[in-house]
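Undergrad: After the structure tokens below, expect a handful of questions from me.
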Amino acid sequence: MKHTGNLLIVALLFLVSCQQKAEQQVQSMYSFPEQTQSRWISFENPQGEKGKGGMENFGAKGHPQDSIGAGATQVLMDIKGSGVINRMWVTINDRSPEMLRSLRIDMYWDGESKPAVSAPFGDFFGIGLGRMTAFENALFADPEGRSFVSYIRMPFKTGAKITLTNESDQPVSALFYDIDYLLTPWKKDNLYFHCYWNRDTATTPGVDYTILPDVSGKGRFLGTNIGVNANPAYGDSWWGEGEVKMYLDGDTKYPTLAGTGTEDYIGTAWGQGQFITRYSGCSLADRKNKQWAFYRYHIPDPIYFGSDCRVTIQQIGGAPKAQVIEMQEKGAKLIPVTIHDGRTLHPIYKKDTVVNLATIPYNGWTNFYRSDDVSSTAYFYLDQPTNDLPALKPRAYRVYHVKTGKE
């Protein structure tokens, strides 16, 4: 009875805590924050100035849109002061995968010359592989497959600048946008928003793909969206056995946080079909074109780091042993890892050696390192306005072998 009583007390305390949090959230909707002003920036008020919105054409919708010529840069925001961006909305007339990879979005905080965010436009807004699809989650939305919305909060202390650069040879003739933000005092525990995009068109079997290279400082890993162009050399085999690993605060050979598989990381199981939820999902599952795009945002399960962080994912696939042997005999680049005989998982991986599966006595599902085309966008907060990560890869690399889904 004593044990039952303790459980009841714990349950009651949990319910009280939940109620208090709910009340705080509701109260924040009708409380007034001091020293705070609401602002919008768009072509109708490019500086977000008080009483100066919609001035062109005598207020009769004079400048709702503009264009970005080939090779040109459009400044979306450039202001001084402290505040926080709460929402961004953009739409453009050319939403092809090639254009979404050719446009580059950059964000600078507090007058820094190096951007904290530099990413392909579509990938930044959660559009995996540049293929538009209607969705909404906790950080991004594309309500009808025609727009780009971000709900990520981005605080700045002395200024914010956002630019959009067209690195293609075609103009964007119609660009609409607005950036919704608050002018509000900087808080001492604020962190700056950062973003890193990466791609490896042919991952090396046995070498984990890097979602976020080692970044120094105190911060929070917010999450990632990942795109996979599966290699046809592996036929219809499953590509997503790889585990996500997060190396935190001095981790070297082995990480503190390790997952169990790609579909497991986004909360599903036994394969990966299309689904959308607030914090994880698979926005694209195109078996015909061998393309998948998926995401996981660590909002209810925050990932904090005190000095450094690195995030990777293994590129491991799986298939019945006979199918893997056939691929191995045809010369596919693969390294066997494990065999599950229905009861026991048998490790067969040997470093610097490729095991000949035909010599292994076990039969069953076989996992193996493989080589695929993988891209990713990592979102994180850091206690400084710049980072020491590599610059965004050139356009030619970003648009290499992009697919429209009509192939």
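Residues -22 to -1, 1 to 385 (mature numbering (1 follows the signal peptide of the UniProt record, and there is no 0)) are what the sequence shown spells out, left to right.
Note that beta-carbon positions come from the ideal geometry of N, C-alpha and C, so glycine has one too.
Note that the structure is a prediction, hence the values are computed from the model and not measured.
With a threshold of 8 Å on Cβ separation, who are the neighbours of phenylalanine 253 within its own chain once the five nearest residues in sequence on each side are excluded?
TA: Hits under 8 Å: Thr246, Gly259, Cys260.
Undergrad: Which residue comes first and which comes last in the alpha helix (DSSP H) that contains leucine 370?
TA: Element bounds for leucine 370: n/a, residue is neither H nor E.
Undergrad: Might you give, ordered along the chain, the residues of its own chain that have their beta carbon closer than 6 Å to the beta carbon of lysine 196, omitting 5 neighbours on each side?
TA: Within the same chain, lysine 196 has close Cβ partners Gly284, Asp361.
Undergrad: Contact check, glutamine 293 vs glutamate 221 under 8 Å by CB: the rounded distance?
TA: Rounded, the Cβ-Cβ distance is 10 Å, inconsistent with contact.
Undergrad: Using DSSP with H/G/I as helix, E/B as strand and the rest coil, what is methionine -22?
TA: The predicted position of methionine -22 is uncertain, since its pLDDT is 48 and thus under 50; no value can be drawn from it.
Undergrad: Just the Cα atoms here: how many angstroms apart are methionine -22 and threonine 322?
TA: At methionine -22, the pLDDT of 48 sits below 50, so the modelled position is not reliable; the number obtained from the coordinates is stated separately. Rounded to whole angstroms, methionine -22 to threonine 322 spans 41 Å at the Cα level.
Undergrad: Around the Cβ of glutamate 22, are there at least 16 other Cβ atoms within 10 angstroms (buried) or fewer (exposed)?
TA: When all chains shown are included, glutamate 22 counts as buried.
Undergrad: Among residues of its own chain, excluding the 5 on either side of alanine 297, which ones have a beta-carbon nearer than 7 Å to its beta-carbon?
TA: Excluding positions up to five away in sequence, the list reads Ser215, Trp216, Thr344.
Undergrad: Can we count serine 74 as close to the ligand PLP, meaning its CB is less than 7 Å from some heavy atom?
TA: Among the components modelled here there is no ligand, and therefore nothing to report on the ligand PLP.
Undergrad: Using a threshold of 8 Å, state whether the C-beta atoms of arginine 198 and tyrosine 257 are closer than that.
TA: Result no, Cβ atoms of arginine 198 and tyrosine 257 do not sit closer than 8 Å.
Undergrad: Ends of the alpha helix (DSSP H) at isoleucine 303?
TA: 299 to 307 is the extent of the alpha helix (DSSP H) around isoleucine 303.
Undergrad: Just reading off the alpha helix (DSSP H) that methionine 77 is part of, what are its end residues?
TA: Residues 75 to 80.
Undergrad: Check each candidate in Gly61, Met85, Lys328 and name the one with the smallest Cα separation from residue 413.
TA: Residue 413 cannot be examined here, being either before or after the span of the chain that is shown, -22 to 385.
Undergrad: So aspartate 101 is in the alpha helix (DSSP H); what residue range does that whole segment cover?
TA: First-last of the alpha helix (DSSP H) with aspartate 101: 99 to 102.
Undergrad: Who are the Cβ neighbours of glycine 205 in its own chain at under 6 Å, not counting the five residues just before and after it?
TA: Once the five neighbours on either side are set aside, the close Cβ partners of glycine 205 are Gly106, Leu107, Ala271, Ser353.
Undergrad: In the DSSP assignment, the alpha helix (DSSP H) including tyrosine 243 goes from what residue to what residue?
TA: That run of the alpha helix (DSSP H) goes 240 to 243.
Undergrad: Since arginine 376 and arginine 177 should fall inside the 8 Å C-beta cutoff, what is the C-beta to C-beta distance between them, to a whole number of angstroms?
TA: Yes, they are in contact, since the Cβ atoms of arginine 376 and arginine 177 sit about 7 Å apart, within 8 Å.
Undergrad: In its own chain, which residues sit with a C-beta less than 6 Å from the C-beta of threonine 141, not counting the 5 before and 5 after it?
TA: Closer than 6 Å at the Cβ level, and outside the excluded window around threonine 141, lie Thr51, Val53, Asp84.
Undergrad: From lysine 28 to phenylalanine 99, what does the alpha carbon distance come to, in whole angstroms?
TA: So the alpha carbons of these two residues sit roughly 29 Å apart.
Undergrad: DSSP on proline 280, reduced to helix/strand/coil?
TA: Reduced to three states, the DSSP call for proline 280 is coil.
Undergrad: Would you mind giving the Cβ-Cβ distance between phenylalanine 346 and valine 315, rounded to the nearest angstrom? I have them listed as a contact below 8 Å.
TA: Going by Cβ atoms, the distance from phenylalanine 346 to valine 315 rounds to 6 Å, so yes, they are a contact pair.
Undergrad: Alpha carbon to alpha carbon, what distance is there between proline 325 and glycine 184?
TA: Taking the straight line joining both Cα atoms gives about 14 Å.
Undergrad: Which word fits asparagine 334, buried or exposed, when buried means at least 16 other C-beta atoms lie within 10 angstroms of its C-beta?
TA: Per the 10 Å Cβ criterion, exposed.
Undergrad: Beta carbon of proline 149, beta carbon of arginine 109: below 8 Å?
TA: Taking 8 Å as the Cβ cut-off, proline 149 and arginine 109 do not qualify as a contacting pair.
Undergrad: Should the segment 156 to 165 be called in touch with the segment 9 to 25, which here means at least 3 C-beta pairs below 8 Å?
TA: A contact exists between the segment 156 to 165 and the segment 9 to 25.
Undergrad: Looking at the strands, I want to know which residues DSSP matches up with glutamate 234.
TA: Looking at the sequence provided, one finds threonine at residue 234 rather than glutamate. Looking at the DSSP assignment, threonine 234 forms no beta bridge with any residue, so it has no partner.
Undergrad: Below 6 Å CB to CB, which residues in the same chain sit around aspartate 186 once its five sequence neighbours on both sides are set aside?
TA: Counting only Cβ-Cβ distances below 6 Å, and skipping sequence neighbours, we find Thr290, Gln292.
Undergrad: Considering only their Cβ atoms, is the gap separating glycine 201 from tyrosine 275 smaller than 8 Å?
TA: Yes, the Cβ-Cβ distance between tyrosine 275 and glycine 201 is below 8 Å.
Undergrad: So the candidates are Met55, Ser96, Lys58; which of them puts its Cα closest to the Cα of threonine 364?
TA: Per the Cα distances, Ser96.
Undergrad: Just the C-alpha distance for aspartate 192 and tyrosine 86, rounded to the nearest angstrom, thanks.
TA: Cα-Cα distance, rounded: 20 Å.
Undergrad: As a quick exercise: from Pro368, Ser9, Phe103, pick the residue whose alpha carbon is nearest that of arginine 79.
TA: Looking at the Cα atoms, Phe103 is the closest of the given residues.
Undergrad: Could you tell me whether any Cβ in chain D is nearer than 8 Å to the Cβ of methionine 305?
TA: Chain labels in this structure do not include chain D; a single protein chain is all it has.
Undergrad: Quick one, which of Trp248, Asp330, Glu304, Pro133 has its alpha-carbon nearest asparagine 168's?
TA: Ranking the options by Cα distance to asparagine 168, first place goes to Pro133.
Undergrad: Between which two residues does the beta strand (DSSP E) containing arginine 288 stretch?
TA: Looking at the DSSP string, the run of the beta strand (DSSP E) that includes arginine 288 is 286 to 291.
Undergrad: Just how far apart, CA to CA, sit threonine 337 and leucine 312?
TA: Roughly 16 Å separates the two Cα atoms.
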